[in-house]
Ligand code: CTP
Ligand code: MG
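In the working numbering, the protein residues as written are 627 to 813.
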């Protein structure tokens with residue numbers, strides 16, 4: 627039971643990283659972040675990365691995070707279910723949400739350099755780019771938080787759960803987005 631709790635807590639704490647991408651699909655559109663510019667003959671990021679997607683995605687992640695903080699405050703005012711305090715929690719949530727879409731942009735940047743067209747498949751990169759972005763940014767700004775909740779002792783189980791769950795969630799969400807007509811391909 628304890629181990630299940632540790633496993634699920636990783637998903638809970640990373641929700642602000644999981645939400646921005648699907649939200650970007652909903653809010654995206656308009657001018658691309660790279661404004662159509664190219665680097666060495668290929669688009670820097672491509673038309674799939676837009677300002678509205680970035681702003682809408684980060685806003686959605688942060689909004690959900692604030693709701694999570696409010697719920698946690700009700701039941702665990704001392705530790706906010708792992709977000710520790712309101713100010714630290716807010717910082718962590720922002721960094722996870724922003725890092726998620728930075729990672730997504732990093733993924734697109736790499737895809738374009740490899741000559742992979744916008745929307746074409748790039749296994750591993752497509753599934754994990756946002757998670758890597760969130761983790762990198764949170765490790766830079768809140769290293770002790772990440773180590774305490776995802777590395778030390780049994781907490782490594784939280785990280786393993788994430789690594790297993792993320793591609794599955796990614797697939798489910800993309801199939802839903804495709805069926806709703808929000809995505810042109812089911813991956
Ligand atoms: N999106 C956006 N702005 C972002 C991220 C995503 O507008 N910063 C929207 C775009 O409509 C995009 C969709 O969400 O097409 C799905 O995102 P993703 O699969 O990451 O982009 P792709 O279109 O597949 O492009 P890429 O090949 O660059 O990953
Ligand atoms: Mg894609």
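Glycine included, C-beta positions come from ideal geometry on N, C-alpha and C.
How about residue i and residue j: do their beta carbons lie closer than 9 Å?
| i | j | result |
| --- | --- | --- |
| residue 635 | residue 784 | yes |
| residue 755 | residue 741 | no |
| residue 672 | residue 655 | no |
| residue 724 | residue 763 | yes |
| residue 637 | residue 791 | yes |
Can you tell me whether residue i is buried or exposed, with buried defined as 16 or more other CB within 10 angstroms of its CB?
| i | result |
| --- | --- |
| residue 789 | exposed |
| residue 753 | buried |
| residue 750 | exposed |
| residue 613 | Residue numbering for the chain in the displayed model covers 627 to 813; residue 613 lies beyond these limits and cannot be assessed. |
| residue 664 | exposed |
| residue 700 | exposed |
| residue 805 | exposed |
| residue 760 | buried |
| residue 629 | exposed |
| residue 730 | buried |
| residue 670 | buried |
| residue 660 | buried |
| residue 769 | exposed |
| residue 658 | buried |
| residue 738 | buried |
| residue 688 | buried |
Might you give, ordered along the chain, the residues of its own chain that have their beta carbon closer than 6 Å to the beta carbon of residue i, omitting 5 neighbours on each side?
| i | result |
| --- | --- |
| residue 799 | 648 |
| residue 767 | 721 |
| residue 743 | none |
Answer yes or no: the CB of residue i versus the heavy atoms of the ligand CTP, is any distance below 8 Å?
| i | result |
| --- | --- |
| residue 716 | no |
| residue 663 | no |
| residue 637 | no |
| residue 643 | no |
| residue 659 | yes |
| residue 738 | yes |
| residue 651 | yes |
| residue 744 | yes |
| residue 668 | no |
| residue 734 | yes |
Look at the alpha carbon of residue i and the alpha carbon of residue j, and state the distance between them as a whole number of angstroms.
| i | j | result |
| --- | --- | --- |
| residue 643 | residue 676 | 18 Å |
| residue 684 | residue 645 | 9 Å |
| residue 691 | residue 710 | 13 Å |
| residue 703 | residue 639 | 16 Å |
| residue 801 | residue 708 | 31 Å |
| residue 651 | residue 674 | 9 Å |
| residue 682 | residue 808 | 15 Å |
| residue 718 | residue 793 | 23 Å |
| residue 773 | residue 696 | 24 Å |
| residue 668 | residue 782 | 39 Å |
| residue 745 | residue 765 | 29 Å |
| residue 796 | residue 653 | 18 Å |
| residue 787 | residue 735 | 27 Å |
By Cβ distance, which residues of its chain are closer than 7 Å to residue i, with the 5 residues on each side in sequence left out?
| i | result |
| --- | --- |
| residue 694 | 641 |
Return yes when the C-beta of residue i is under 8 Å from any heavy atom of the ligand SAH, and no when it is not.
| i | result |
| --- | --- |
| residue 727 | Judged by which ligands are present, the ligand SAH is missing from the structure shown, whose ligands are the ligand CTP and the ligand MG. |
Sorted by chain position, which residues of the same chain lie with C-beta nearer than 8 Å to residue i's C-beta, five sequence neighbours on each side aside?
| i | result |
| --- | --- |
| residue 706 | 695, 698, 699, 712 and 715 |
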